[in-house]
Each structure stands twice: as C-alpha cells, then as structure tokens.
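> Handing you a structure now.
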Amino acid sequence: MRTELVSEPGDPGRPNEDFASVAVAASGQGGSLVVLDGVTPPAGGTGCLHSVPWYTARLGGALTELTVSLPDVPLADALSRAIALTAARHAETCDLSHPRTPQATVALARWSPAAVEYLVLSDAALLVESPGGAVTALLDDRLSRIPRAARATDALIDATLRNKEGGFFTAAADPAVAARAVTGVLPRAEVRALAALTDGAARWVETFREGDWDDCFRLLRKEGARALVDRVRALERADTDRVFLGRAKTHDDATAVHVEP
Numbered sequence: 156m157r158t159e160l161v162s163e164p165g166d167p168g169r170p171n172e173d174f175a176s177v178a179v180a181a182s183g184q185g186g187s188l189v190v191l192d193g194v195t196p197p198a199g200g201t202g203c204l205h206s207v208p209w210y211t212a213r214l215g216g217a218l219t220e221l222t223v224s225l226p227d228v229p230l231a232d233a234l235s236r237a238i239a240l241t242a243a244r245h246a247e248t249c250d251l252s253h254p255r256t257p258q259a260t261v262a263l264a265r266w267s268p269a270a271v272e273y274l275v276l277s278d279a280a281l282l283v284e285s286p287g288g289a290v291t292a293l294l295d296d297r298l299s300r301i302p303r304a305a306r307a308t309d310a311l312i313d314a315t316l317r318n319k320e321g322g323f324f325t326a327a328a329d330p331a332v333a334a335r336a337v338t339g340v341l342p343r344a345e346v347r348a349l350a351a352l353t354d355g356a357a358r359w360v361e362t363f364r365e366g367d368w369d370d371c372f373r374l375l376r377k378e379g380a381r382a383l384v385d386r387v388r389a390l391e392r393a394d395t396d397r398v399f400l401g402r403a404k405t406h407d408d409a410t411a412v413h414v415e416p
C-alpha cells in the first residue's frame, strides 16, 4: 500500500479541526481511511465544554478502530457506533441537543481483497480512480443544492437546515444521522486508488475552478497532496478582491489523503 497524507490548519495560530487517518488491518488484507472536517462554530457558544478538535480526535479515533476491527460491520453502522461512543464521553457535562454541539463532515473508505466500501456525509469529497484512470467523485451534495438565500445567516441555517429534513446532515451527537450518509460498495478490481479531501483542499475544484475532479486526482498522483494544498493557499492569497472566496474565510483547514491500496 502507498499513502500520502497532508493536513494543514487554515490559521497557524489555531488548532487544526480536521482529522485524518489511514489504517491497515493486522492481517494485511485490507485497510481504511478516515477524514473528518470539524465544523467551526460561530461566536456565541456550542453548549459544550469541549473544542471541535477534541470532538474530531475522538470521533476519528473511534472510526479508525471500528472500521478495521469490525470489517463485517457496514460503514454506516460503524459511524453510528462511533458517534454514540463519542457522545457518551461528554453527555453528562454538555448540552448535546445544541445545534452547534461539536460536529464534523465525514469521508470513509474501507477496502478488502474483494471490495471497496465508501461513506460520505456532508461536504467532504471522496475520489475513486479506476485502473483505466477514470475518476469518480463520491459526494453528498445536499448542502450545495440549498439556495444561497436559505443560508443567509448562521442562525437561519441552524434553525431550518442543520441536521434537519430537507437540509443537510453532519456527524454530531445523534447516531441516527449515519443513515443519512451516501454509501456504497465497489468491486475491488475497479479501484486503483482513492483520495479524500476536506472542503478546504477541495477548494481547488469547488471554489477556484482550477480543474475538475479528474484534474485534481492527476495533480495528487503526479505532484502529491502537499502540492494540492500549496496551490490552494496560493489561490487564496491571490484572491484579494474576494472574487472567488466571497464571504468565506480566507484560509480553511485543508486535508488531502491519497491512497493506493
């Protein structure tokens, strides 16, 4: 197996809220990748004593262990269990019903000699390259399909869209949200390589339109994950008139993982 992982905070003075891991089964007959993008809360509190990095570290650690140790458990069930385990660690001290309780977007993949399973929840991106070089983007596009007017303020999003029917879903404190994820299984012979990106790294495609997902994967293969993140940072710095970034933060945490199982 060959893997490359780069994760960089948007602000060196703040903790990185992303999480990424690649694990190999003890048998050597498979493995998994986990990428989480912690959701930065607005000012005003989250009802929780803990930070977003605290949450993503614990949810990511649980997912890394469960996806490898329980290979017969579907990824949605593994995510449900990991959310429940993480919630139990702070249920007695925190208000887990708060709409901004620490939460994250999720991209998971697990491979065996026979199959590659995948799961995507919210705006992380999982890319699959076939032996012939074709790239398929596995996305949960519910957030992008919501009209901009419906996302005008954080308060409006929390009241009407966040983890609500007709809106979008993230991994927070409710294990049932795992059933909302985009999931599937591919024959192992149809997968040559995988890549997972948080939206901070996916800006190269989704915000700056430097290329499509095929171009992005070719960049990862040829120049590596570090080059992708560096190019995103250069584009962010150059967008001084906010033509592409608009109201978005100038630099976001950016994580890219490239795996050849």
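So the working numbering is basically just the index in the sequence shown, starting at one, shifted up by 155. Yeah, the Cβ is synthetic: ideal placement off N, Cα and C, and Gly gets one too.
#1: Considering only the alpha carbon of each residue, which of R236, A310, D367 lies closest to A153?
#2: Have a look at V194 and R358 and give me their C-alpha separation to the nearest angstrom.
#3: Kindly indicate which three-state DSSP category D166 falls into: helix, strand or coil?
#4: Where does the unbroken beta strand (DSSP E) through T195 begin, and where does it stop?
#5: Can you look up L263 in the DSSP assignment and give me helix, strand or coil?
#6: Apply the 10 Å Cβ neighbour rule to A328 and answer buried if 16 or more other Cβ atoms are within range, or exposed otherwise.
#7: For A334 and V275, what's the separation of their Cα atoms in angstroms?
#8: Could you check where the beta strand (DSSP E) with D173 kicks off and where it finishes?
#9: Could you spell out the range, first to last residue, of the beta strand (DSSP E) harbouring V414?
#10: Does the segment 283-299 come close enough to the segment 239-250 that 3 or more CB-CB pairs lie under 8 Å?
#11: Beta-carbon separation of V281 and A351 under 8 Å?
#12: Please classify T325: does DSSP put it in a helix, a strand, or coil?
#13: What did DSSP end up calling R244 once you bin it into helix, strand or coil?
#14: At the level of alpha carbons, what is the spacing between C371 and E365?
#15: If I measure Cβ to Cβ from A231 and keep anything under 7 Å in the same chain, skipping five residues before and after, which residues do I get?
#16: Would you list the one or two residues that DSSP bridges to E159?
#17: Mind checking if L191 is an interface residue toward chain C, Cβ cutoff 8 Å exclusive?
#18: Evaluate E415 with the Cβ neighbour count: other Cβ atoms within 10 Å of its Cβ, from every protein chain shown; 16 or more gives buried, anything less gives exposed.
#19: Tell me where the alpha helix (DSSP H) around T211 begins and ends.
#20: Would you check if the segment 208-217 and the segment 170-190 touch, i.e. whether three or more CB-CB distances between them fall below 8 Å?
#21: Excluding sequence positions up to five away, which residues of its chain have a Cβ less than 8 Å from the Cβ of G202?
#22: Over what stretch of residues does the beta strand (DSSP E) that includes V332 continue unbroken?
#23: Excluding the 5 residues flanking V340 on each side, which residues of the same chain have their C-beta closer than 6 Å to its C-beta?
Here's the rundown:
#1: With the chain running from 156 to 416 in the structure shown, residue 153 is simply not present.
#2: 16 Å
#3: coil
#4: Unbroken run through T195: none, as it is neither H nor E.
#5: strand
#6: buried
#7: 11 Å
#8: 173-179
#9: 409-415
#10: no
#11: It should be noted that the sequence gives Leu, not Val, for residue 281. With respect to the 8 Å criterion, L281 and A351 are classified as neighbours on the basis of their beta carbons.
#12: coil
#13: coil
#14: 9 Å
#15: L274, A333, A334, A336, T338
#16: BP columns for E159 point to H413.
#17: Of the protein chains in this structure there is only one, and it is not chain C.
#18: By the neighbour-count rule (16 or more Cβ atoms within 10 Å), E415 is not buried but exposed.
#19: 207-224
#20: Touching, yes.
#21: C249, D250, L251, S252, H253, R255, T256
#22: That residue, V332, is in no beta strand (DSSP E); it is neither H nor E in DSSP.
#23: A270, E272
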